[in-house]
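Take a look at the structure set out below.
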Amino acid sequence: MRKTERHFVEDGPNSLRQIYKTVSPWKGVKNFVFIQIARYCPILEMKNWIYRRILHMKVGRDTAFGLMVMVDVFFPEKITIGRNTVIGYNTTILAHEYLIREYRLGEVVIGDEVMIGANTTILPGVTIGDGAVVAAGSVVHRDVEPGAFVGGNPLRVIERKSP
Numbered sequence: 006m007r008k009t010e011r012h013f014v015e016d017g018p019n020s021l022r023q024i025y026k027t028v029s030p031w032k033g034v035k036n037f038v039f040i041q042i043a044r045y046c047p048i049l050e051m052k053n054w055i056y057r058r059i060l061h062m063k064v065g066r067d068t069a070f071g072l073m074v075m076v077d078v079f080f081p082e083k084i085t086i087g088r089n090t091v092i093g094y095n096t097t098i099l100a101h102e103y104l105i106r107e108y109r110l111g112e113v114v115i116g117d118e119v120m121i122g123a124n125t126t127i128l129p130g131v132t133i134g135d136g137a138v139v140a141a142g143s144v145v146h147r148d149v150e151p152g153a154f155v156g157g158n159p160l161r162v163i164e165r166k167s168p
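Residue numbers for the sequence shown follow the numbering used here, so the first one is 6 and each next one is one higher.
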């Protein structure tokens, strides 16, 4: 089970229509603009600077984000990524999910020396352990043990490294 906080909404429109009761629209606009700059920026250190200084993510030394990575627009500060990790092309990292009558928030923790393959989606409330490898195109909907090689949708363990 993912570690998320559940927040129920009042009667009326769905929770996404009520988003600005949760987060400032100005925060969303500012974050969106800087995330788009980072997505297309070929300079890795500039991307990391934007993520750390403007979006308040915790990003370890020597971590590299591929082109078109999309981090959570409304809650990027809930994302922590360790050192020397690679986040593959067009990966999406979410720290929120808005449903009909509730929304959920969850910390995303990606360890040190993790490899995330291209076009992966990481859902809120998951932890990916140190040294893990996530195959391209996967949906990470649960925690991944350190050193595991996982992939697919639904996510399954393909191989475990010896400690």
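Where a beta carbon is used, it is the ideal one built from N, C-alpha and C, also for glycine.
Per DSSP, which one or two residues make a beta bridge with residue i?
i, result
"Ala123", "Ala123 pairs with nothing; no bridge assigned."
"Val139", "Ile121, Val155"
"Phe70", "Ile92"
"Phe13", "Glu107"
"Arg161", "Gly156"
"Thr85", "Lys63, Val114"
"Val149", "Ile133"
"Val144", "Thr126"
"Thr97", "Met75, Thr126"
Under a three-way DSSP split, which group does residue i fall into?
i, result
"Ile105", "coil"
"Lys8", "coil"
"Lys35", "helix"
"Lys166", "coil"
"Glu18", "Glu is not the amino acid found at residue 18; the sequence shown has Pro there. Pro18 falls in the coil class under three-state DSSP."
Between which two residues does the beta strand (DSSP E) harbouring residue i extend?
i, result
"Glu50", "Where Glu50 is concerned, there is no enclosing beta strand (DSSP E), although the alpha helix (DSSP H) it sits in stretches over 49-54."
*asked:* Quick check: the stretch 34-48 against the stretch 118-129, are at least 3 beta-carbon pairs closer than 8 Å?
replied: They do not touch, by the three-pair rule.
*Please confirm if the stretch 42-58 is in contact with the stretch 20-33, defined as three or more CB-CB distances below 8 Å between the two stretches.*
Fewer than three beta-carbon pairs drawn from the stretch 42-58 and the stretch 20-33 are found closer than 8 Å, and the two stretches are therefore not classed as touching.
*Can at least three beta-carbon pairs, one atom from the stretch 62-81 and one from the stretch 89-105, be found at a separation below 8 Å?*
Segments in contact, yes.
*Is it a yes or a no for the stretch 108-119 touching the stretch 75-92, going by three-plus beta-carbon pairs under 8 Å?*
Enough Cβ pairs lie closer than 8 Å, so yes.
*Is the number of C-beta pairs between the stretch 131-144 and the stretch 44-63 that are closer than 8 Å three or more?*
Contact fails: fewer than three Cβ-Cβ distances are below 8 Å.
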